[in-house]
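Working notes, structure below.
The structure is reproduced here in structure tokens:
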């Protein structure tokens, strides 16, 4: 597991021999099973892990991690893994490595199939501007498609949401996303509750997010946080707000959805070793 935490330099400056700056980082928007073959049929009960290693500490930074008893069901209509990471920003100063070990659950463990088993390097081609891209990685039984962003001169933003008044209504799906102004077409899904109840924890009423860390370009760029309440695919209420990127410290904001008010906190940090 990644040993370097997020929010590392939110409240303190790096001290020698620590190093921190605004490097190029990798945004991971989504991972989907684009194609299956070899006799596999939808739906797929998927478990296993997807991780990335970078030059910061060479440990696994988990993106997806599920046990056999907690499979995600993928369909041909919704083939996207529900990502839970990375836990900190992914540096691209040197090549990063994706590690994938995904399986399809069978009737018994001996019937399990290897959906994807990979270790592939991602080499960044740095430019002045950030850009969106997709990469396909092939295994014997499947092709995975990664939607990614190369984020130039970026800082790390850790996002927290809490309910400050009212309640999230029962039966309403919650969808919280984050994006940057330079790649506004692609969203990082912080939470898509689906049919599940929105989990609220503690007296502060913090919302449990699937993901919380995104990379934001520091120079003249903004982070957009969006909250939507849906019934099916129909948007009942939605609000969004922008935050100017910072190197450290905290930004706060409020999203008023009518039935409840959300407090938004962004913890900013430089990125480094």
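Residue numbers (the UniProt record's numbering): 1 to 273. For glycine and all other residues, C-beta sits at the position ideal for the given N, C-alpha and C.
- Inter-residue distance for residue 231 and residue 196 is about 12 Å (C-alpha atoms, whole angstroms).
- Distance from the Cα of residue 57 is smallest, within the candidate group 79, 44, 94 and 81, for 94.
- Check the Cα spacing between residue 141 and each of 36, 172 and 243: the tightest is with 36.
- Rounded to the nearest angstrom, the Cβ distance from residue 148 to residue 96 is 10 Å, too far for a contact under 8 Å.
- Scanning 42, 171, 180 and 179 for the CA closest to the CA of residue 194 turns up 171.
- Taking C-alpha positions only, residue 272 is separated from residue 108 by approximately 44 Å.
- A residue is called buried when at least 16 other Cβ atoms come within 10 angstroms of its Cβ; residue 136 does not meet this threshold and is exposed.
- Here residue 270 is near residue 9, since their CB atoms are less than 8 Å apart.
- Just measuring C-alpha positions, the residue of 73, 47 and 83 sitting nearest residue 67 is 47.
- Assignment of residue 252 by DSSP, reduced to helix, strand and coil, places it in the strand class.
- In the DSSP assignment, residue 226 falls within the unbroken beta strand (DSSP E) covering 222-231.
- Comparing C-alpha distances from residue 175 to each of 250, 31, 7 and 225 shows the shortest one belongs to 225.
- Rounded to whole angstroms, the separation of the alpha carbons of residue 21 and residue 268 is 12 Å.
- For residue 157, the closest C-alpha among the options 239, 89 and 114 is that of 89.
- Distance between residue 166 and residue 201, taken at the CA atoms: about 15 Å.
- Judged by DSSP secondary structure, residue 192 falls within the beta strand (DSSP E) whose first and last residues are 188-192.
- Excluding the 5 residues flanking it on each side, residue 85 has same chain C-beta neighbours closer than 7 Å at 61, 62, 63 and 211, in chain order.
- In the DSSP assignment, residue 166 falls within the unbroken beta strand (DSSP E) covering 154-166.
- Counting the other CB atoms within 10 Å of its CB gives residue 125 a total below 16, which places it among the exposed residues.
- Within the same chain, 29, 132, 147, 149 and 179 come within 7 Å of residue 186 by CB-CB distance, once the 5 residues on both sides are set aside.
- The beta carbon of residue 189 is closer than 6 Å to those of 177 in its chain, skipping five residues each way along the sequence.
- As the crow flies, the alpha-carbon of residue 222 is around 14 Å from that of residue 265.
- Restricting attention to beta strand (DSSP E) runs no shorter than 3 residues, the segment 3-75 encloses them at 25-36, 44-53, 61-66 and 72-74, ordered along the chain.
- At least 8 Å separates the beta-carbon of residue 6 from that of residue 214.
- For residue 271, DSSP records a beta bridge to 21.
- For residue 106 and residue 139, the gap between their C-alpha atoms comes out near 19 Å.
- Restricted to the segment 85-156, the beta strand (DSSP E) segments that are unbroken, complete and at least 3 residues in length are 96-104, 113-122, 131-138 and 142-151, listed in chain order.
- DSSP places residue 265 within a strand segment (E or B) once states are collapsed to three.
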